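Colleague: In my numbering, the protein residues as written are 924 to 1221.
Where a beta carbon is used, it is the ideal one built from N, C-alpha and C, also for glycine.
A quick note: this is a predicted structure, and the numbers were derived from the prediction, not measured.
Encoded as structure tokens, here's the structure I'll be asking about.
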């Protein structure tokens, strides 16, 4: 039996051995290391969530139109359901798949013998492009819109909206990311970094936080800001069919889907979908069932 150390900088707690005695053994040994990823992601999620929640209280961008307690219960419950669904459908975490691909030399970057740093940075950029394209497709293709549309039924937009996605959409997105990880040969550290960034920026750009115009303009050069993404949640179709980016703002400009400001201004714009305006009909169970029972309203 021969072992080797993991080269992943984000999994430092133990020496990780890969024994060449079959696929199952390699998988079981490396899963011990991947357990650390759960704590990395959980810690970053809690930290960013609390920061945005406090910021929303201290400096809100808009006055919320609907009761916050009910929305937060629904949105955070969906977040928990999504976490459980992801673990149930994919017992092997995507980061573990990235580690297996790294050890076995799968993927384009391994084939090209590309060093870890440029391969990792390029992976993050390409994964972000994939999420942008996925987002566009989920708006344009009806079967996918049924599921993604649930995200847009939120009648307000705040930090919890950034975690409010239908479980089916979460599973499909995971499939896309896992396929790209293997195809590209994404380094483990960069995939973990991308997942942390994606979760953090989703909560950030959905947050109901006040940012000065000057700061917003500067930030829009490198990241999707709350004001930029809020346009995407407008009830006006031509506005919600814009600003699809999550992390990087460049794709919207490159593919001509960028819209600078909402027509009615941020304070007066209506959030959500035109046919879903009654918060009493947007409870937790109803939200999960929407793609199956309310297709005519989409």
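With distances taken from CA atoms, which of 1114, 1213, 1217 and 1184 is nearest residue 1162?
Modeller: 1184
Colleague: Please name the residue, chosen from 1203, 1084 and 1201, that lies closest to residue 1152 on a Cα-to-Cα basis.
Modeller: 1084
Colleague: Buried or exposed: residue 1216, going by 16 or more other Cβ atoms within 10 Å of its Cβ?
Modeller: exposed
Colleague: Tell me the start and end of each unbroken beta strand (DSSP E) in the stretch 1179-1219 that is at least 3 residues and wholly inside, in chain order.
Modeller: Fully enclosed beta strand (DSSP E) runs of no fewer than 3 residues are not present anywhere in the stretch 1179-1219.
Colleague: For residue 1144, which residues from the same chain have a beta carbon less than 8 Å from its beta carbon, with the 5 sequence-adjacent residues on both sides left out?
Modeller: 1172
Colleague: Using the beta-carbon count (16 or more within 10 Å), is residue 1190 buried or exposed?
Modeller: exposed
Colleague: Please report the residue range of the alpha helix (DSSP H) in which residue 997 lies.
Modeller: 991-1012
Colleague: Alpha carbon to alpha carbon, how far is residue 1089 from residue 1205? Give it in angstroms, no decimals.
Modeller: 13 Å
Colleague: When the cut-off is 8 Å and only beta carbons count, does residue 1015 lie next to chain C?
Modeller: Given the protein chain composition of this structure (a single chain), no chain C is represented.
Colleague: Counting pairs of beta carbons, one from the stretch 1041-1051 and one from the stretch 1116-1125, are three or more of them closer than 8 Å?
Modeller: The stretch 1041-1051 makes contact with the stretch 1116-1125: 3 or more CB pairs, one atom from each, lie closer than 8 Å.
Colleague: Suppose you measure from the CA of residue 999 to the CA of residue 991; what does that come to, to the nearest Å?
Modeller: 12 Å
Colleague: So within the stretch 1062-1140, which uninterrupted alpha helix (DSSP H) runs reach at least 4 residues, ignoring any that extend past its ends?
Modeller: Secondary structure within the stretch 1062-1140: the alpha helix (DSSP H) runs of 4 or more consecutive residues, fully enclosed, are 1065-1075, 1090-1107 and 1111-1129 (chain order).
Colleague: Please indicate yes or no: does the CB of residue 1185 lie closer than 7 Å to some heavy atom of the ligand ZN?
Modeller: Among the ligands in the structure shown, none appear at all, so the ligand ZN cannot be discussed.
Colleague: Out of 1105, 983, 1138 and 1195, which one is the CA nearest neighbour of residue 1159?
Modeller: 1195
Colleague: So what does DSSP say about residue 1157, is it helix, strand or coil?
Modeller: strand
Colleague: Report yes if the C-beta distance between residue 1001 and residue 1057 is below 8 Å; otherwise report no.
Modeller: Their beta carbons are not under 8 Å apart, which means residue 1001 does not touch residue 1057 by this criterion.
Colleague: Please name the residue or residues paired with residue 1299 in a DSSP beta bridge.
Modeller: Because the chain is modelled from 924 through 1221, residue 1299 falls outside the range shown and cannot be assessed.
Colleague: If you pair each beta-carbon of the stretch 1023-1040 with each one of the stretch 1097-1114, do three or more pairs fall below 8 Å?
Modeller: yes
Colleague: Grab me the residues of residue 1055's own chain with a C-beta within less than 6 Å of its C-beta, minus the 5 sequence neighbours each way, in chain order.
Modeller: 1167, 1168 and 1174
Colleague: Check whether the stretch 978-988 touches the stretch 1122-1134, taking contact to mean three or more Cβ pairs, one atom from each stretch, closer than 8 Å.
Modeller: yes
Colleague: Comparing C-alpha positions only, which one of 1170, 1218 and 1075 sits nearest to residue 1156?
Modeller: Of the candidates 1170, 1218 and 1075, the one whose C-alpha sits nearest the C-alpha of residue 1156 is 1075.
Colleague: On the CB-based measure, 16 or more other CB atoms within 10 Å of its CB, does residue 1170 come out buried or exposed?
Modeller: Around the beta carbon of residue 1170, a 10 Å sphere encloses 16 or more other beta carbons of the protein chains shown; the residue is thus reported as buried.
Colleague: Where residue 1147 and residue 1124 are concerned, what is the direct C-alpha to C-alpha distance, given to the nearest angstrom?
Modeller: 8 Å
Colleague: Among residues of its own chain, excluding the 5 on either side of residue 1024, which ones have a beta-carbon nearer than 8 Å to its beta-carbon?
Modeller: Excluding positions up to five away in sequence, the list reads 1030, 1033, 1104, 1105, 1108 and 1109.
Colleague: How long is the line joining the alpha carbons of residue 1116 and residue 1209, rounded to whole angstroms?
Modeller: 34 Å
Colleague: Run through DSSP, which three-state label would residue 1037 get?
Modeller: Note: residue 1037 maps to coil in three-state DSSP.
Colleague: Please tell me whether residue 1218 and residue 1078 are closer than 8 Å, where the distance is taken between their beta carbons.
Modeller: no
Colleague: Measure the beta-carbon distance from residue 993 to residue 1202 and round it to whole angstroms, keeping in mind my assumption that it falls under 8 Å.
Modeller: A Cβ-Cβ distance of about 7 Å is found for the pair residue 993 and residue 1202, placing them in contact under the 8 Å criterion.
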